[in-house]
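Per the working numbering, residue 77 is the first one in the sequence shown, and the count goes up by one each step.
For each residue, glycine too, the CB sits at the ideal point set by N, CA and C.
Since we're looking at a predicted model, the values are computed, not measured.
Heads up: the structure comes next, in structure tokens.
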Amino acid sequence: MTNPEVIHDPSELARRVSELKSQGKTIGLVPTMGALHYGHLSLAIAAKNDCDVAIVSVFVNPTQFAPNEDYDQYPRQLQADIDLLSQVDTDIVFAPSPEAMYPRGFVSNVHVGGVTTRLEGSFRPTHFDGVATVVMKLFQLSQANVAFFGQKDFQQVAVIRRMVADLNVPTEIIACPIVREADGLALSSRNKYLSAEERKTALVLSRSLGYAKELIHKGEREAAVVKAAVEKMILDEGGTAIDYVSISDPDSLQEMTRIAGNVVVLLAVRVGKTRLIDNMVIEPA
Ligand code: PAF
Numbered sequence: 077m078t079n080p081e082v083i084h085d086p087s088e089l090a091r092r093v094s095e096l097k098s099q100g101k102t103i104g105l106v107p108t109m110g111a112l113h114y115g116h117l118s119l120a121i122a123a124k125n126d127c128d129v130a131i132v133s134v135f136v137n138p139t140q141f142a143p144n145e146d147y148d149q150y151p152r153q154l155q156a157d158i159d160l161l162s163q164v165d166t167d168i169v170f171a172p173s174p175e176a177m178y179p180r181g182f183v184s185n186v187h188v189g190g191v192t193t194r195l196e197g198s199f200r201p202t203h204f205d206g207v208a209t210v211v212m213k214l215f216q217l218s219q220a221n222v223a224f225f226g227q228k229d230f231q232q233v234a235v236i237r238r239m240v241a242d243l244n245v246p247t248e249i250i251a252c253p254i255v256r257e258a259d260g261l262a263l264s265s266r267n268k269y270l271s272a273e274e275r276k277t278a279l280v281l282s283r284s285l286g287y288a289k290e291l292i293h294k295g296e297r298e299a300a301v302v303k304a305a306v307e308k309m310i311l312d313e314g315g316t317a318i319d320y321v322s323i324s325d326p327d328s329l330q331e332m333t334r335i336a337g338n339v340v341v342l343l344a345v346r347v348g349k350t351r352l353i354d355n356m357v358i359e360p361a
């Protein structure tokens with residue numbers, strides 16, 4: 077157990093990183109918005125195992141929230157996050173302020189096309205510009221050799237991979253598996269918003285993904301049939317509203333009609349006022 081070095085100033089991070097790089101150290105970066113749970117810690121552990129130095133950024137990025145979203149409400153608990161990260165021997169916690177990341181006069185933007193247009197992009201049209209821009213800034217500041225993301229944000233990983241390929245960013249992207257509670261609920265900082273009753277309702281997300289897997293393994297190959305069954309299960313639960321249920325190609329994220337190879341089933345569901353996402357990659361048996 078080591079207390080991480082906590083850096084708030086972006087130029088101080090850049091200076092510290094060039095010192096580490098000049099000593100030949102490799103850097104693993106885990107970008108987060110804090111309110112850490114075991115899903116984040118699994119990424120920090122992977123960074124520590126794969127690289128000499130593990131950096132975890134904790135920054136609730138204002139530019140990826142639309143005005144009607146939960147930016148103000150998003151949980152902030154920096155000291156608790158640092159305490160958790162000390163248990164997995166994270167070397168550096170980077171926790172900048174919004175003013176430090178977006179000083180007066182900031183007008184630049186990283187826009188990734190194609191893969192951003194569907195799913196989250198159609199419900200949150202400005203979201204991925206905010207994500208791509210902040211992640212590019214974090215890559216520049218940390219000079220990361222490897223960056224670790226959770227597979228729960230499946231489309232986000234596809235967007236980052238596209239950005240890195242298109243813009244020749246020399247950072248390897250590793251996606252780590254979704255971490256779930258024993259009852260199936262995917263870990264998310266937004267689970268904190270759920271009441272006890274809503275948390276029970278939210279279990280329908282993972283249950284419906286399991287049902288999709290069962291149908292596909294039993295031989296169902298019409299995506300529309302699987303999708304309708306998943307939608308029915310979610311709506312029959314009550315207290316839910318669906319943003320989307322999608323059966324997509326895991327590489328292109330294009331919607332499938334026939335299930336021939338691997339598919340990813342992606343969900344965005346509102347439980348009360350909380351918007352949750354989940355997904356599962358399914359191999360036909
Ligand atoms: O996945 C998240 O928590 C955020 O989108 C990220 C990658 C840290 C960028 O703010």
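Opposite residue i in the DSSP bridges: which residues?
i    : result
T108 : V134
I323 : V341
N185 : Answer is none; N185 lacks a bridge partner.
R256 : A262
I292 : Answer is none; I292 lacks a bridge partner.
I358 : V339
I103 : V129
Is residue i helix, strand or coil when you go by DSSP?
i    : result
Y147 : coil
E248 : strand
T193 : coil
G206 : helix
A300 : helix
T350 : strand
E81  : strand
R91  : helix
G226 : strand
F170 : strand
N125 : helix
R334 : strand
T139 : helix
A317 : strand
V164 : coil
N221 : coil
P24  : Beyond the ends of the chain as shown, which are 77 and 361, falls residue 24; an answer cannot be given.
With the cut-off set at 7 Å, would you say residue i and residue j are in Cβ contact?
i    : j    : result
L263 : H113 : yes
G86  : L217 : Note that residue 86 is Pro in the sequence shown, not Gly. Yes.
T350 : R266 : yes
V340 : V357 : yes
I121 : V164 : yes
V306 : S284 : yes
V132 : T166 : yes
A176 : L154 : no
F199 : N355 : no
T347 : I318 : What sits at residue 347 in the sequence shown is Val, not Thr. Result no, Cβ atoms of V347 and I318 do not sit closer than 7 Å.
T247 : F215 : yes
I249 : V240 : yes
S42  : N244 : This structure does not reach residue 42, given that the chain is present from 77 up to 361, and the question cannot be answered.
V280 : E257 : no
A278 : L105 : no
I168 : E95  : no
A300 : M332 : no
Our contact map puts residue i next to residue j with C-beta atoms below 8 Å; I'd like the distance itself, whole angstroms only.
i    : j    : result
V134 : D157 : 5 Å
V188 : V235 : 5 Å
A111 : K268 : 7 Å
C252 : L160 : In fact, because the Cβ distance is near 16 Å, the residues do not count as touching under 8 Å.
N44  : G206 : In the structure as shown, the chain starts at 77 and stops at 361, and residue 44 therefore has no counterpart that could be examined.
K228 : G100 : Actually they are not in contact, since the Cβ atoms of K228 and G100 sit about 34 Å apart, beyond 8 Å.
H293 : A361 : 4 Å
Comparing the CB of residue i with every heavy atom of ligand 1, is any distance shorter than 6 Å?
i    : result
P151 : no
P138 : no
D146 : no
V191 : no
P107 : yes
V210 : yes
V347 : no
D229 : yes
V132 : no
V207 : yes
Measuring from the CB of residue i, is there a heavy atom of ligand 3 at a distance below 6 Å?
i    : result
D229 : Annotation note on ligand 3: not contained in the displayed structure, which lists ligand 1 as its ligands.
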